[in-house]
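S.K.:
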Amino acid sequence: MQIQYKTQRLSLRFFMLMLVLFGFQVIYGMILAAQQVDPTLLSGVLNFNVARAEHLNLGIMWIVCGFIGSILFVGPLLSKREMVAPWLIKFLFYAVIVIVLWNFFTQFLAERGVAGWWLDQPWLQQGLEYLEAGRIAGILIFVGFAIVAFVVLRTFPPIRQWNEVHWGLGLGFTALMVVWVFGLFYIQRLDLQEYFRWFVVHYWVEGVWEVIHISLIGTFLVLMFKADIKSVGFAVFWGITLVWLSGLIGNAHHYFWIGTPEFWQFWGSLFSALEPLPLVFCFWHIYLDAHTNKRPLENAPAFYFLLGSTVLELVGAGILGFVMTFALTNVWSHGTWVTAGHAHLALFGTFGMLGLAAAYYAMPIIRKVPHYDQRLGKLGFWLVFTGVLGLAFAFSIGGTVQVYVYRILGLDWFGGDIYRSMGVFKLMLPIFGLVFVAGALTIMYDLITLGQRVQTPAGTFDHDVTADRRVTGWRKPLTGFEAGIWLLWMWVFGTVITLGLLSFNLPRVRVDGDPTLPYLLAGVGYPGLLLVTMLFVWRFLASMEARMAVAGEPTTADDAMVPNLV
Amino acid sequence: MSCGAGDSSCEIPRRRGAFVMLGVMTAIFIFLSVFSFTRSRNQTVPSQITYGAYTADQGKHIFQAYNCMGCHTLVGNGAYLGPDLTEEYRLAGPAWLAAFLPSAGGWPTEAAVRTQLVNPGMQAEAGVDTIEAYLKKYPGAADRIARRGGGTTSMPNLPFTQEEIGKLLAYLKYTSAMNTEGWPAKILVKGDLNDRLRMAHGAGFTPTGGQVAPAAAVPTEAAATPEDPAVHGERLARDYGCIACHASDKQKLVGPGWGGLYGSQVKLSDGTSVTADDAYITESIVKPNAQIVDGYTPGVMPDYSTLLKEDEVKAIVSYIASLRGQEKQ
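Same order as they appear, the protein sequences are chains A and B.
Under my numbering, the first residue of the first sequence is numbered 7, with each subsequent residue one higher.
Under my numbering, the first residue of the second sequence is numbered -2, with each subsequent residue one higher.
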């Protein structure tokens, strides 16, 4: 496949920026991991809260860069014309860099207690989780989102001709801008401030990003398997509909303990329990789309990350979110490391991997190296995948210990009692962090130097190893039945984890102080879930790779086939 | 289902149906939201709470400015490096917090909390006027002093001014007063602190062991007399929490460092200079606001005239004098 529209090339710079910001975010992650082990590290120079603010903000920024890069690449294909106002897109690119640098410096002011209060608004930094950027950066970011929404909507065909993907991306990029507004006001009441903060955080992730995610996954599957957009339209429609119908009131799961009334516990437990539905749906569809279509995998790393994104969305966002969505389990998980396990898998897994998938799909095409050496990309995938699963494991189990010591025993001395109990799991953070860093560096090196390294002749990658092996056992085609069994096991372990959190309510734990049951269930549930996830992805990819061995190199007839996106 | 995949004739009614459902959900959500913040809910709001001259809203400005949420949680939201702060005011009380915050790198001793209780404003806010009554009313403070007092913390020293601390206390007083629907859950576990510590760390755990200095008891005369006054002074400085604000070298924590101070020329805020002799240092302890060093704010250091006996002041002065050579940063 070749670039059909000039403006598709603009996506390249956003993918590069994404990779650079990803790199910095990972460095901050390592610093935070080291500070978890030794909280006095860099004290007074780079305090934990400043590093964490950067870690979160860079995460948001590079995910958004991935979205922008993706829409610039697929936008012209979806519209059968060039993106409008390329100068505006170029301006946006430099604006993003300026905002990131500005925010980098202003976050340090938190160490001096300077927020830049003027007209009762914090202009320099505002010290709210995820929304740490001050009002100046916040308004600039709003303008940036407005530019993106404008460019997307103006490029798209007239609304009558929209298919489901147009609807998903059109609504998604507009909502990206609209939802951000709720974070641009100082609010006196803590309960009301948290109420609106979750408007931004929850509705972004659950309402906007996920909609963009589903639409882009659909689009890239169509591009990769040279299918017709109609074949994913159904999935995209139901995905988006279920996300919004469950997620809108599902936001209530953030309103259990912030000072809002008790009735939210009912609404939140009910509706957010439905939130995994679209994710199961999307998960099932990536199986169908990849397996009903028997085409060989041309760009393995791009598909690896696409699959990783869908599976980790189900496991990280869906299952690990589900376990703590009930008031009776959330009362324990809330405000502990348990939530951090969910957040890392869900945010990097779902959205980060989507950006990386898009970069792996688009960059070889833009740089005209369609048959590039895919080994580094695959290696990078397995390293970050293992790393992030490991981080989720450390956070979840460490969090379970934290719940027991902090919330059941009521020991509130973090330095003396909590750290002491969580020690092993704290140590796991930098260890799995290093695995993750190795993967991130591999991916960055691979993508940034793509097409500039010595070319490996086509066909020498790993097809030669697989070509004469028979496609049996672990590598045989994945049937729907088998995929269903894998999915079932994930939910079995998810149920075990849920029961583990529920068991903190038992008098045996709460009154007698015996942690055996929650520890046992967490000790079975988390490793089980994460292991099944890993094995499933391995199995899925093995069956895809085997197909490549059977089909051999893509033929010219394959190259001539064009996906239909309109 | 009559509308199969890819059947475009069904797309428009399906889409319409989805938008209608979404509208219904939004209506429910807005209805619930309005009821969450009406006055009949009786939730505490910042405008009802003051601490001394400060309002809870002023405190929220400070809380956000220092990005406290980047290490701590508040109503469970934030980061998980340090403890949740929602109920900290109710548990540890204003005097403990006021003793802790100026030099968050060290845990306050009982003497340091007692120093805070000398202030009539603090007595009014705490609702008690003796340390014994305070520790009874705020069991969290008693725990903290007993196990951590005088030790070092994991928190960095932040450059809080006295005014900012007052505002923060107003904010934490507000969050403590909020109704958070039973979160965090009540501790129901059987047994006392030592039992719970053994449950956490194993049966062999000795609660008083570890890196923590023993609780700061008022030094007895018998122990004090035979000692070298400088050594006695050093212990007093630790017990009374002086070292939380004053470093033993030249470093500025909250107040001036003591290293190399004795005998040096000190520049005062009125522009004059004075030699740091016994009389000057003694006056700085018992009447800290009489002469303010250039660059520092009056009213930060409590008045120790009623807390320390004359010979104790003398011992601390001789401890400071013994630090003459320690000018290293």
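By construction, the Cβ of each residue, glycine as well, lies at the ideal position given by its N, Cα and C atoms.
Could you tell me the distance, in whole angstroms, from the CA atom of His297 (chain A) to the CA atom of Gly479 (chain A)?
M.R.: 17 Å
S.K.: Is there a Cβ from chain A that is less than 9 Å from the Cβ of Thr172 (chain B)?
M.R.: yes
S.K.: If contacts are defined as beta-carbon pairs under 8 Å, then Gly146 (chain B) and Glu107 (chain B) qualify, I think. What distance do you get, rounded to the angstrom?
M.R.: 6 Å
S.K.: Taking only three categories from DSSP, how would you classify Ser76 (chain A)?
M.R.: Residue state for Ser76 (chain A) is assigned as helix, using DSSP reduced to three classes.
S.K.: Which residue marks the beginning of the alpha helix (DSSP H) containing Thr172 (chain B), and which one marks its end?
M.R.: Start and end: 159 to 174.
S.K.: If we count the other Cβ atoms within 10 Å of its Cβ and call it buried at 16 or more, is Ala105 (chain B) buried or exposed?
M.R.: With the sequence shown as reference, residue 105 (chain B) is identified as Pro, and Ala is not the correct amino acid for it. It counts as buried.
S.K.: Using CA coordinates, which residue listed in A:Val51, A:Thr266, A:Glu170 is at the minimum distance from Arg38 (chain B)?
M.R.: A:Thr266
S.K.: Mind checking Thr23 (chain B): buried by the 16 CB within 10 Å criterion, or exposed?
M.R.: It is exposed - the Cβ of Thr23 (chain B) has fewer than 16 other Cβ atoms within 10 Å.
S.K.: For the candidate residues B:Ile27, B:Arg12, B:Gly56, whose alpha-carbon lies nearest to that of Leu165 (chain B)?
M.R.: B:Gly56
S.K.: Using CA coordinates, which residue listed in A:Trp210, A:Ile491, A:Arg58 is at the minimum distance from Val538 (chain A)?
M.R.: A:Ile491
S.K.: Using the three-state DSSP reduction, which class does Thr279 (chain B) fall into: helix, strand or coil?
M.R.: helix
S.K.: Could you pull out every unbroken alpha helix (DSSP H) segment of at least 4 residues lying fully inside the stretch 197 to 276 of chain A, listed in chain order?
M.R.: 216 to 230, 236 to 256
S.K.: Measure the alpha-carbon distance for Arg19 (chain A) versus Thr356 (chain A) and round it to whole angstroms.
M.R.: 22 Å
S.K.: Just the Cα atoms here: how many angstroms apart are Leu526 (chain A) and Ile503 (chain A)?
M.R.: 10 Å
S.K.: Would you mind telling me which residues of chain B sit closer than 7 Å to Ile255 (chain A), beta carbon to beta carbon, in chain order?
M.R.: Met22, Ile25, Phe26
S.K.: Within its chain, find whatever has a CB closer than 6 Å to the CB of Gly256 (chain A); leave out the 5 residues flanking it on each side and keep chain order.
M.R.: Phe277, Ser278, Glu281
S.K.: Between Gln10 (chain A) and chain B, is there a C-beta pair that is closer than 9 Å?
M.R.: no
S.K.: Tell me which residues share the same chain as Val3 (chain A) and place their Cβ nearer than 7 Å to its Cβ, disregarding the 5 neighbours each side in the sequence.
M.R.: The displayed coordinates of chain A run from 7 to 572. Any statement about residue 3 (chain A) would go beyond what the structure contains.
S.K.: Give me the Cβ distance between Met89 (chain A) and Val157 (chain A), rounded to the nearest whole Å; I'm assuming they're in contact under 8 Å.
M.R.: 6 Å
S.K.: With the cut-off set at 9 Å, would you say Pro128 (chain A) and Gln61 (chain B) are in Cβ contact?
M.R.: yes
S.K.: Distance check for Ile325 (chain A) and Trp244 (chain A), CA to CA, integer angstroms please.
M.R.: 19 Å
S.K.: Looking at C-beta atoms only, is the number of pairs between the stretch 130 to 147 of chain A and the stretch 173 to 190 of chain A that lie closer than 8 Å three or more?
M.R.: yes
S.K.: List the residues of chain B that Trp544 (chain A) touches, going by C-beta distances under 7 Å, in chain order.
M.R.: Near Trp544 (chain A) there are no residues of chain B at all, since even the closest Cβ is about 29 Å away, more than 7 Å.
S.K.: Within 9 Å (strictly less), CB to CB, does Trp263 (chain A) reach chain B?
M.R.: yes
S.K.: Would Lys432 (chain A) be called buried (16 or more neighbouring beta carbons within 10 Å of its own) or exposed?
M.R.: buried
S.K.: Using a Cβ-Cβ distance under 9 Å, would Arg11 (chain B) count as near chain A?
M.R.: yes
S.K.: Rounding to the nearest angstrom, what Cα-Cα distance links Met7 (chain A) and Ile371 (chain A) in this structure?
M.R.: Cα to Cα, Met7 (chain A) sits roughly 7 Å from Ile371 (chain A).
S.K.: List the DSSP bridge partners of Tyr259 (chain B).
M.R.: According to DSSP, Tyr259 (chain B) bridges with nothing at all.
S.K.: Under 7 Å Cβ-Cβ, which residues of chain B neighbour Ile414 (chain A)?
M.R.: Chain B residues near Ile414 (chain A): Val186.
S.K.: Going by the CB atoms, is the gap between Ala76 (chain B) and Ala96 (chain B) shorter than 9 Å?
M.R.: no
S.K.: From the beta carbon of Cys239 (chain B), is the nearest beta carbon of chain A less than 9 Å away?
M.R.: no
S.K.: Closer than 9 Å, CB to CB, is Ser57 (chain B) near chain A or not?
M.R.: Residue identity check: residue 57 (chain B) is Lys in the sequence provided, not Ser. The beta-carbon of Lys57 (chain B) is placed less than 9 Å from the nearest beta-carbon of chain A.
S.K.: Report yes or no: do the stretch 161 to 176 of chain B and the stretch 45 to 56 of chain B share at least 3 C-beta pairs separated by less than 8 Å?
M.R.: The answer is yes - the stretch 45 to 56 of chain B touches the stretch 161 to 176 of chain B, with three or more Cβ pairs under 8 Å.
S.K.: How would you call Arg118 (chain A), buried or exposed, if buried means at least 16 neighbouring beta carbons within 10 angstroms?
M.R.: exposed
S.K.: State the start and end residues of the unbroken alpha helix (DSSP H) segment that holds Ser270 (chain B).
M.R.: From DSSP, Ser270 (chain B) is part of no alpha helix (DSSP H) but of the beta strand (DSSP E) over 270 to 272.
S.K.: DSSP puts Val290 (chain B) in a beta bridge; with which residues?
M.R.: B:Leu265
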